[in-house]
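Visitor:
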Amino acid sequence: AQSVAQPEDQVNVAEGNPLTVKCTYSVSGNPYLFWYVQYPNRGLQFLLKYITGDNLVKGSYGFEAEFNKSQTSFHLKKPSALVSDSALYFCAVRDNDYKLSFGAGTTVTVRA
Amino acid sequence: DTEVTQTPKHLVMGMTNKKSLKCEQHMGHRAMYWYKQKAKKPPELMFVYSYEKLSINESVPSRFSPECPNSSLLNLHLHALQPEDSALYLCASSTGQGVQPQHFGDGTRLSIL
Chain A
1 AQSVAQPEDQ VNVAEGNPLT VKCTYSVSGN PYLFWYVQYP NRGLQFLLKY ITGDNLVKGS
61 YGFEAEFNKS QTSFHLKKPS ALVSDSALYF CAVRDNDYKL SFGAGTTVTV RA
Chain B
1 DTEVTQTPKH LVMGMTNKKS LKCEQHMGHR AMYWYKQKAK KPPELMFVYS YEKLSINESV
61 PSRFSPECPN SSLLNLHLHA LQPEDSALYL CASSTGQGVQ PQHFGDGTRL SIL
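Protein chains in written order, with this note's numbering: chain A, 1 to 112; chain B, 1 to 113.
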C-alpha cells in the first residue's frame, strides 16, 4: 500500500522567512503526490502535484515542492511566508484512481 | 469560492433524527466522494461514486446512506447517528483519473446531541 508521512505536527516560522513542510513517501511503482492546504472552517484546497517530469513543481499561492527520489521526499516550500499561510497542510499519495492516502497533517503558524 | 457546494454548512441533530447532506458540482466531474474529518486529522474516505454508481464503500455503518441522483449531485442520508459521528463531512469531486486532483467543498459540520 502507498503511504506518506509528515514528521512534524507543527511548524512555526516568522513572516518573511522561508517555510518548509516535510513529507516522505513509501510506494510501489511511480508515486503520484499531492499537497493540500486547509484553512480554518474550510475544505481542503489543492496546492500542487507531482506526476512526472521536473523535480521542482510550482503550485498555487507561491508554493513549490521538490520531489527527491533518492530520499523519497516531497517537501513543500515557500521562499517568504505570510501570516495568511497559517493553516493545516496535508501531503497525499495516490492509491488508485479514486483513493488518496493522506499524511497526518502539519499545522503551520506564521507569526507577524 | 469553492466549485463544490455543500449544504447545510452546519447541522445539529438528535440521535433519532433523519437528515440529509447535499453536495453539488458543475465541473463535469464523474467521480464524487464523501469524507469524514475529525478536528486536526486527515479526511477519512467513506464512499466513492463513479459515473453515478457506488464503486467504493469503506465499510461505513449503515446509518450513513449515500445517493447519487445524477452526475452533479451527491447526497448523504443520515439516520440514528451516534455522538461519535460528530465531525466535518466533506464532499469532493474529480475527473476520476487518479493523476487529477480532487476538489473539495467546505463541508458540513455535524453535531450529534
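Note that beta-carbon positions come from the ideal geometry of N, C-alpha and C, so glycine has one too.
1. Looking at A/ARG94 and A/TYR50, is the spacing between their C-beta atoms short of 8 Å?
2. Give the DSSP bridge partners of B/ILE56, in chain order.
3. By the DSSP assignment, the beta strand (DSSP E) with B/LYS36 in it spans what residues?
4. Could you tell me the distance, in whole angstroms, from the CA atom of A/THR106 to the CA atom of A/SER26?
5. The beta strand (DSSP E) spanning B/THR108 covers which residue range?
6. Tell me where the beta strand (DSSP E) around A/GLN10 begins and ends.
7. I need the straight-line Cα distance from B/VAL60 to A/PRO79, nearest angstrom please.
8. Can you confirm whether A/ALA104, when its beta carbon is compared against all beta carbons of chain B, has any partner nearer than 8 Å?
9. Leaving out five residues before and five after A/ALA1 in sequence, what residues of the same chain have Cβ atoms less than 8 Å from its Cβ?
10. Closest to B/VAL117 by C-alpha separation, out of A/GLN10, A/VAL21, A/ASN30 and A/VAL11, would be which residue?
11. Helix, strand or coil for B/VAL12, going by three-state DSSP, please let me know.
12. Is the Cβ-Cβ distance between A/ALA92 and A/VAL4 less than 8 Å?
13. To the nearest angstrom, report how far apart A/VAL108 and A/HIS75 are at their CA atoms.
14. Between A/GLN71, A/GLU15, A/GLN6 and A/PHE46, which lies nearest to A/ASN55 when the distance is taken from Cα to Cα?
15. At which residues does the beta strand (DSSP E) containing B/LYS18 begin and terminate?
16. Given a cut-off of 8 Å on the beta-carbon distance, is the pair B/HIS103 and B/SER94 in contact?
17. Are the beta-carbon atoms belonging to A/VAL110 and A/ASP85 less than 8 Å from one another?
18. List the residues of chain A whose Cβ lies closer than 8 Å to the Cβ of B/LYS19, in chain order.
19. For B/LEU45, go through chain A and note every residue whose CB falls closer than 7 Å to its CB, in chain order.
20. How many Å lie between A/TYR61 and A/THR24 at the Cα?
21. When we look at the beta-carbon of B/ASP106 and count the other beta-carbons within 10 Å, is it buried (16 or more) or exposed?
22. State whether the stretch 16–34 of chain B contacts the stretch 63–75 of chain B, with contact taken as three or more CB pairs (one from each stretch) at a distance under 8 Å.
23. Within 8 Å (strictly less), CB to CB, does B/VAL48 reach chain A?
Guide: Looking at the atomic coordinates:
1. Stepping through the first sequence from its first residue, residue 50 of chain A is reached at position 50. Stepping through the first sequence from its first residue, residue 94 of chain A is reached at position 94. No; because the gap between Cβ atoms is not below 8 Å, this pair is not in contact.
2. Taking the second sequence and counting its residues from 1, the one referred to as residue 56 of chain B is at position 56. Paired residue(s): B/VAL48.
3. For the purposes of this step, residue 36 of chain B is taken as the residue at position 36 of the second sequence. Boundaries of the beta strand (DSSP E) around B/LYS36: 31–37.
4. Residue mapping note: residue 106 of chain A aligns to position 106 of the first sequence, counting from 1. Residue mapping note: residue 26 of chain A aligns to position 26 of the first sequence, counting from 1. Roughly 18 Å between the two C-alpha positions.
5. Within the second sequence, residue 108 of chain B is the residue found at index 108, counting from 1. That run of the beta strand (DSSP E) goes 108–112.
6. To locate residue 10 of chain A, count along the first sequence from 1; it is residue 10. First-last of the beta strand (DSSP E) with A/GLN10: 10–14.
7. Mapped onto the second sequence, residue 60 of chain B falls at position 60. Mapped onto the first sequence, residue 79 of chain A falls at position 79. For B/VAL60 and A/PRO79, the distance between alpha carbons rounds to 42 Å.
8. In the first sequence, the residue the question calls residue 104 of chain A occupies position 104. Output row for A/ALA104: interface = yes.
9. Residue numbering aside, residue 1 of chain A sits at position 1 when the first sequence is read from its first letter. For A/ALA1, where only same-chain residues beyond five positions count, the Cβ hits under 8 Å are ASP95 and SER101.
10. This structure leaves residue 117 of chain B out entirely; chain B is present only between 1 and 113.
11. Along the second sequence, one-based indexing puts residue 12 of chain B at 12. In the three-state DSSP reduction, B/VAL12 falls in the strand class (E or B).
12. Locating residue 92 of chain A in the first sequence gives position 92, where the first residue counts as 1. Locating residue 4 of chain A in the first sequence gives position 4, where the first residue counts as 1. Yes, the pair counts as a contact, with Cβ atoms nearer than the cut-off.
13. In the first sequence, the residue the question calls residue 108 of chain A occupies position 108. In the first sequence, the residue the question calls residue 75 of chain A occupies position 75. A/VAL108 and A/HIS75: Cα-Cα distance of roughly 14 Å.
14. For the purposes of this step, residue 55 of chain A is taken as residue 55 along the first sequence, with counting starting at 1. Minimum Cα distance to A/ASN55 is reached at A/GLN71.
15. Residue mapping note: residue 18 of chain B aligns to position 18 of the second sequence, counting from 1. Taken as a continuous stretch (DSSP letters only), the beta strand (DSSP E) holding B/LYS18 covers 18–25.
16. For the purposes of this step, residue 103 of chain B is taken as residue 103 along the second sequence, with counting starting at 1. For the purposes of this step, residue 94 of chain B is taken as residue 94 along the second sequence, with counting starting at 1. Contact flag set, yes.
17. Counted from its first residue, the first sequence places residue 110 of chain A at position 110. Counted from its first residue, the first sequence places residue 85 of chain A at position 85. For the pair A/VAL110 and A/ASP85, the CB atoms are nearer than the 8 Å cut-off.
18. Looking up residue 19 of chain B in the second sequence gives position 19. In chain order: nothing, as chain A lies at least about 20 Å away.
19. In the second sequence, the residue the question calls residue 45 of chain B occupies position 45. Going along chain A in sequence order, the residues near B/LEU45 (Cβ under 7 Å) are LYS99.
20. In the first sequence, residue 61 of chain A corresponds to position 61, counting from 1. In the first sequence, residue 24 of chain A corresponds to position 24, counting from 1. Inter-residue distance for A/TYR61 and A/THR24 is about 22 Å (C-alpha atoms, whole angstroms).
21. Stepping through the second sequence from its first residue, residue 106 of chain B is reached at position 106. With 16 or more Cβ atoms within 10 Å of its Cβ, B/ASP106 is classed as buried.
22. The count of Cβ pairs closer than 8 Å, one atom from the stretch 16–34 of chain B and one from the stretch 63–75 of chain B, reaches three, so the stretches are in contact.
23. Working through the second sequence from its first residue, we reach residue 48 of chain B at position 48. Taking 8 Å as the threshold, the shortest C-beta distance from B/VAL48 to chain A falls below it.
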